[in-house]
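Asks: Supplied in structure tokens, the structure appears directly below.
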Amino acid sequence: MEEPPKEENPSHLFGGVDSISSLPDEMLHHILSFVPTSVAITTSVLSKRWRHVWCKTPYLSFPHITSSSIESILETLDSYTAAKIMRFHLHVDSETWEDSERSNHVDSLIKFAISRNVEKLSLVLKAYYVFPDFFFSNPSLKQLIGDSLNYMRPKCTVSWTSLQNLSLSNSSLDESFPKLLSGSPMLESLKLQSCSLSCIDLSGSPRLRRLDLEFFNSFPRKCHIVAPHIHYLRMIDFAQKYSLVDVSSLIEANIDTIYYLPRVWCTQDDTPKDDYQVMMQTMLESLQNVENLTVGLSFLQMLSVAEFSGVHFPTFKVKTLTLKTTILRSAVLGIAKLLQNSPELKKIVFYKTEDWNSSVEKYVNLYMEPQDPQDLIFPAKSALKVAGPDLVASFMELLLRNTRTLETLVFQLRSCLNTSNYDELSQIALTLSHKNKVSIVLK
Numbered sequence: 001m002e003e004p005p006k007e008e009n010p011s012h013l014f015g016g017v018d019s020i021s022s023l024p025d026e027m028l029h030h031i032l033s034f035v036p037t038s039v040a041i042t043t044s045v046l047s048k049r050w051r052h053v054w055c056k057t058p059y060l061s062f063p064h065i066t067s068s069s070i071e072s073i074l075e076t077l078d079s080y081t082a083a084k085i086m087r088f089h090l091h092v093d094s095e096t097w098e099d100s101e102r103s104n105h106v107d108s109l110i111k112f113a114i115s116r117n118v119e120k121l122s123l124v125l126k127a128y129y130v131f132p133d134f135f136f137s138n139p140s141l142k143q144l145i146g147d148s149l150n151y152m153r154p155k156c157t158v159s160w161t162s163l164q165n166l167s168l169s170n171s172s173l174d175e176s177f178p179k180l181l182s183g184s185p186m187l188e189s190l191k192l193q194s195c196s197l198s199c200i201d202l203s204g205s206p207r208l209r210r211l212d213l214e215f216f217n218s219f220p221r222k223c224h225i226v227a228p229h230i231h232y233l234r235m236i237d238f239a240q241k242y243s244l245v246d247v248s249s250l251i252e253a254n255i256d257t258i259y260y261l262p263r264v265w266c267t268q269d270d271t272p273k274d275d276y277q278v279m280m281q282t283m284l285e286s287l288q289n290v291e292n293l294t295v296g297l298s299f300l301q302m303l304s305v306a307e308f309s310g311v312h313f314p315t316f317k318v319k320t321l322t323l324k325t326t327i328l329r330s331a332v333l334g335i336a337k338l339l340q341n342s343p344e345l346k347k348i349v350f351y352k353t354e355d356w357n358s359s360v361e362k363y364v365n366l367y368m369e370p371q372d373p374q375d376l377i378f379p380a381k382s383a384l385k386v387a388g389p390d391l392v393a394s395f396m397e398l399l400l401r402n403t404r405t406l407e408t409l410v411f412q413l414r415s416c417l418n419t420s421n422y423d424e425l426s427q428i429a430l431t432l433s434h435k436n437k438v439s440i441v442l443k
């Protein structure tokens, strides 16, 4: 009976050396940076080569720590020998720990990271935890990402002298926010998501260039934003009481409002319509010097209602306009007015998005009549996922009709066009391109 062929040793195929094990430590550390530290530790049994690799990796990640696992983690770290940690991630689940026990363990882990001069620190704390004073003194920290840090209220002086990027989510910051900013003189980028603040005053942060804000209606309705040094602003899901007091250096913005706000403007009786008009007037004036502007469907609907209500639109300096929307009648008036008031516009990029706020349509459409009979060709309700060539062509003509200086028009439609529709639209785009002397690109 013929014996089955013997399995070849994989290392024999590479000259007797495991191709991965032969990589330098720096590359192995990079590979281990993509897995939790508990998984990285298991590689120590692979061979002598791997026995101490994880001990020197500058990337440590402890997701979903529980009361049963944290003590073993602390014991394991006794074997860690790297002098510096580049990135440290800690996620503490919500459990019925004793507060003092949990605090002591979390204190130990954070202190360990700080003692190794951690540069990027990521903390997700789903349980009660009061930050100790030593947390607020860390000269090596360059990036801090925090989620659910509701008790980050420093009683001492904050000294994050190297911090460049700060990202906080689901945190109450009103009392502590000024201290955090004053202790971060090198801050360049700030992201706040669902953070409760009545005022975001960044006038004392001259290096700050990027501000990313996401608001939700469960938080205070009034918030003033003073950010005279930022160049980039992303503001998503803002409500009617958020105001841009000073963004005088802004050159790039990505703006959209909460999906139901156009409906509220059209139907709410207990809030004067003037409140919304003032909000939009202030918003538009704050955006008039922006050169690169991205807007979403809900904000475009707000622009439509603003135009119908007689809100004054300033002249914009937009050179590149990105429309993240679906093709709907309720957005057309706002788009047209935005284009008409952008005499320096050179490029439009259109991304067709899913129409997730179609419930707003009937309220906006009932509130205002189409200003141009040609607008009646655009659907009043949610459009089909597969866009018809005639509808897209009409939208192209709308954009071209309302611009005078446009050079490039880009349509990101490949995912919602079948092959025959794409070919037909390509021919239409070619004709419109020659007629209007504008480069039209379909993607």
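Under the UniProt record's numbering, the first residue of the sequence shown is numbered 1, with each subsequent residue one higher. Ideal Cβ positions, reconstructed from N, Cα and C, are used throughout, including at glycine.
Can you tell me whether DSSP reads M86 as helix, strand or coil?
Replies: Residue mapping note: residue 86 aligns to position 86 of the sequence shown, counting from 1. Here M86 sits in coil by DSSP.
Asks: Roughly how many whole angstroms lie between the Cα atoms of L168 and L144?
Replies: Within the sequence shown, the letter at position 168 stands for residue 168. Within the sequence shown, the letter at position 144 stands for residue 144. Whole-angstrom Cα-Cα distance: 8 Å.
Asks: Round the Cβ separation of L121 and L109 to the nearest angstrom and send it over; I've been treating them as touching at under 8 Å.
Replies: Reading the sequence shown from its first residue, position 121 is the one you call residue 121. Reading the sequence shown from its first residue, position 109 is the one you call residue 109. Contact doesn't hold; Cβ gap of about 11 Å is too wide.
Asks: Could you give the C-beta distance for I230 and V245, rounded to a whole number, given that I count them as a contact under 8 Å?
Replies: The residue you call residue 230 lines up with position 230 of the sequence shown. The residue you call residue 245 lines up with position 245 of the sequence shown. In fact, because the Cβ distance is near 12 Å, the residues do not count as touching under 8 Å.
Asks: Whole beta strand (DSSP E) runs in the stretch 135-196 with 3 or more residues, listed along the chain?
Replies: You should have 143-147, 165-169, 189-193.
Asks: What does the alpha-carbon distance come out to for the pair F34 and M186?
Replies: As a position in the sequence shown, residue 34 is number 34, starting the count at 1. As a position in the sequence shown, residue 186 is number 186, starting the count at 1. Spanning the two alpha carbons is a distance of roughly 28 Å.
Asks: What does the Cβ neighbour count give for D256, buried or exposed, with the cut at 16 atoms within 10 Å?
Replies: Here residue 256 refers to the residue found at position 256 when the sequence shown is read from its first residue. Buried, by the Cβ-count rule.
Asks: From E291 to E344, what does the alpha carbon distance come to, in whole angstroms?
Replies: Here the question's residue 291 lines up with position 291 in the sequence shown. Here the question's residue 344 lines up with position 344 in the sequence shown. Those two C-alpha atoms are separated by around 9 Å.
Asks: From the DSSP output, in three-state form, read off E291 for me.
Replies: Here residue 291 corresponds to residue number 291 of the sequence shown, with the count starting at 1. E291 falls in the coil class under three-state DSSP.
Asks: Please report the residue range of the alpha helix (DSSP H) in which P389 lies.
Replies: Position 389 of the sequence shown, counting from 1, holds the residue named residue 389. Here the alpha helix (DSSP H) through P389 covers 389-401.
Asks: Looking only at its chain, what residues have a beta carbon closer than 6 Å to the beta carbon of R234, apart from the 5 residues adjacent to it on each side?
Replies: Along the sequence shown, one-based indexing puts residue 234 at 234. Within the same chain, R234 has close Cβ partners D212, N254.
Asks: Pull up the CB-CB distance for K179 and S148, whole angstroms please, since I reckon it's below 8 Å.
Replies: Along the sequence shown, one-based indexing puts residue 179 at 179. Along the sequence shown, one-based indexing puts residue 148 at 148. Not a contact, Cβ separation roughly 19 Å.
Asks: Going along the chain, which residues of its own chain have a beta-carbon closer than 8 Å to the beta-carbon of L432, five neighbours each way excluded?
Replies: As a first step, residue 432 must be located in the sequence shown, where it is residue number 432. Within the same chain, L432 has close Cβ partners A393, M396, E397, L400, V438, I440.
Asks: List the endpoints of the continuous beta strand (DSSP E) containing L60.
Replies: Stepping through the sequence shown from its first residue, residue 60 is reached at position 60. Residues 59-65.
Asks: Return the bridge partner residues of A336 from the DSSP annotation.
Replies: Taking the first residue of the sequence shown as 1, we reach residue 336 at position 336. Per DSSP, none; premise fails for A336.
Asks: Could you say which of Q427, S171, V45 lies nearest to V124 if we only look at CA atoms?
Replies: As a first step, residue 124 is located in the sequence shown; it is residue number 124 there, counting from the start. The shortest Cα separation from V124 among Q427, S171, V45 belongs to S171.
Asks: What is the DSSP secondary structure of W311, reduced to helix, strand or coil?
Replies: Your numbering for residue 311 matches position 311 in the sequence shown. Residue identity check: residue 311 is Val in the sequence provided, not Trp. Correct three-state label for V311: coil.
Asks: For V39, report the span of its alpha helix (DSSP H) as first-last.
Replies: The sequence position of residue 39 within the sequence shown is 39, counting from 1. Here the alpha helix (DSSP H) through V39 covers 37-42.
Asks: For the candidate residues W160, C156, N421, V410, whose alpha-carbon lies nearest to that of L442?
Replies: Within the sequence shown, numbered from 1, the residue matching residue 442 stands at position 442. Of the listed residues, the one whose Cα sits closest to L442 is V410.
Asks: For P213, write down the residues that DSSP places opposite it in a beta bridge.
Replies: Taking the first residue of the sequence shown as position 1, residue 213 is located at position 213. What sits at residue 213 in the sequence shown is Leu, not Pro. Answer is L192, M235, bridged to L213.
Asks: Once DSSP output is grouped into helix, strand and coil, what is the label at K120?
Replies: For the purposes of this step, residue 120 is identified with residue 120 of the sequence shown, where counting begins at 1. Reduced to three states, the DSSP call for K120 is strand.
Asks: Using the C-alpha atoms, what's the distance from T161 back to Y182?
Replies: In the sequence shown, counting from the first residue as 1, residue 182 sits at position 182. In the sequence shown, counting from the first residue as 1, residue 161 sits at position 161. Sequence check: residue 182 is Ser here, not Tyr. Roughly 10 Å separates the two Cα atoms.
Asks: How close, in whole Å, do the beta carbons of T408 and K324 come, if the pair is a contact with beta carbons under 8 Å?
Replies: One-based indexing of the sequence shown puts residue 408 at position 408. One-based indexing of the sequence shown puts residue 324 at position 324. That pair is no contact at about 17 Å.
Asks: Let's see if you can read the secondary structure: which residues bound the beta strand (DSSP E) around L23?
Replies: The count along the sequence shown starts at 1 and reaches residue 23 at position 23. L23 -> no beta strand (DSSP E), and no H or E assigned at all.
Asks: If we ignore side chains and look at the alpha-carbon of each, how far apart do L366 and S205 end up?
Replies: As a working note, residue 366 is residue 366 in the sequence shown. As a working note, residue 205 is residue 205 in the sequence shown. Residue confidence is low: L366 scores 48 on pLDDT, short of 50, so the model does not pin down where it sits. No coordinate-derived value is stated.
Asks: Along the chain, where does the alpha helix (DSSP H) containing I70 start, and where does it finish?
Replies: Against the sequence shown, residue 70 aligns to sequence position 70. Looking at the DSSP string, the run of the alpha helix (DSSP H) that includes I70 is 70-76.
Asks: Could you have a look at L442 and say whether DSSP puts it in helix, strand or coil?
Replies: Here residue 442 refers to the residue found at position 442 when the sequence shown is read from its first residue. Residue state, collapsed to three classes: strand.
Asks: Can you tell me which of L74, Y59, S342 puts its alpha carbon nearest to the alpha carbon of A82?
Replies: Here residue 82 refers to the residue found at position 82 of the sequence shown. For A82, the nearest C-alpha among the options comes from Y59.
Asks: Between D174 and the rest of its own chain, which residues show a CB-CB distance below 7 Å, the 5 nearest in sequence each way excluded?
Replies: On the sequence shown, position 174 is the one that residue 174 refers to. If we look at D174 and ignore the five residues flanking it on each side, its Cβ neighbours are S196, L197, S198.
Asks: Which same chain residues, not among the five before or five after F131, have their C-beta less than 6 Å away from its C-beta?
Replies: Counted from its first residue, the sequence shown places residue 131 at position 131. Around F131: M152.
Asks: Given this structure, state the Cα-to-Cα distance separating M280 from Q301, to the nearest angstrom.
Replies: Numbered from 1 along the sequence shown, position 280 holds the residue referred to as residue 280. Numbered from 1 along the sequence shown, position 301 holds the residue referred to as residue 301. Going from the Cα of M280 to the Cα of Q301 covers about 12 Å.
Asks: Rounded to whole angstroms, how far is the Cβ of I73 from the Cβ of N117, which I believe are closer than 8 Å?
Replies: For the purposes of this step, residue 73 is taken as the residue at position 73 of the sequence shown. For the purposes of this step, residue 117 is taken as the residue at position 117 of the sequence shown. Wrong, their Cβ atoms sit about 20 Å apart, outside the cutoff.
Asks: Could you pull out every residue in the same chain whose Cβ sits closer than 7 Å to the Cβ of I428, ignoring the five residues on either side in sequence?
Replies: Here residue 428 refers to the residue found at position 428 of the sequence shown. Cβ within range, chain order: P389, A393.
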